[in-house]
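Colleague:
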Amino acid sequence: MVSKPRVALGMLVLAALAGGLLALLISLDVGAFWAKTLPLVFLVGAATFAQSLGLFNKKPKS
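Structure (structure tokens):
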């Protein structure tokens, strides 16, 4: 079974990083396409990478 607090904390950290990326892109005055696309790509890519490392597969302590 997957540890739900671990997944929630991991996704919260990834969402915060994506928000920071969005703020950076807006401050650099990039186009609307990039400001919408890059944070989503970052979230999906980072979550896939974390899953492949097994960060979300560890069993919770009983």
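Going by numbering that gives the first Met the number 0, the sequence shown opens with residue 0, and the numbers climb by one from there. Positions of the beta carbon are idealized from the N, C-alpha and C atoms, including for glycine.
Under 8 Å, with one C-beta from each stretch per pair, do the segment 10-17 and the segment 36-44 reach the 3-pair mark?
Modeller: yes
Colleague: Skipping 5 residues on each side, what residues in its chain have a beta carbon closer than 7 Å to that of Leu37?
Modeller: Leu20 and Leu24
Colleague: Among the residues of its own chain, which have a CB less than 7 Å from the CB of Gly9, if the five just before and after it don't count?
Modeller: Once the five neighbours on either side are set aside, the close Cβ partners of Gly9 are Ala49, Leu54 and Phe55.
Colleague: Identify, in the order they occur along the chain, each residue of the same chain with its Cβ nearer than 8 Å to the Cβ of Ala7, setting aside the five sequence neighbours on each side.
Modeller: The answer is none, since no qualifying residue turns up.
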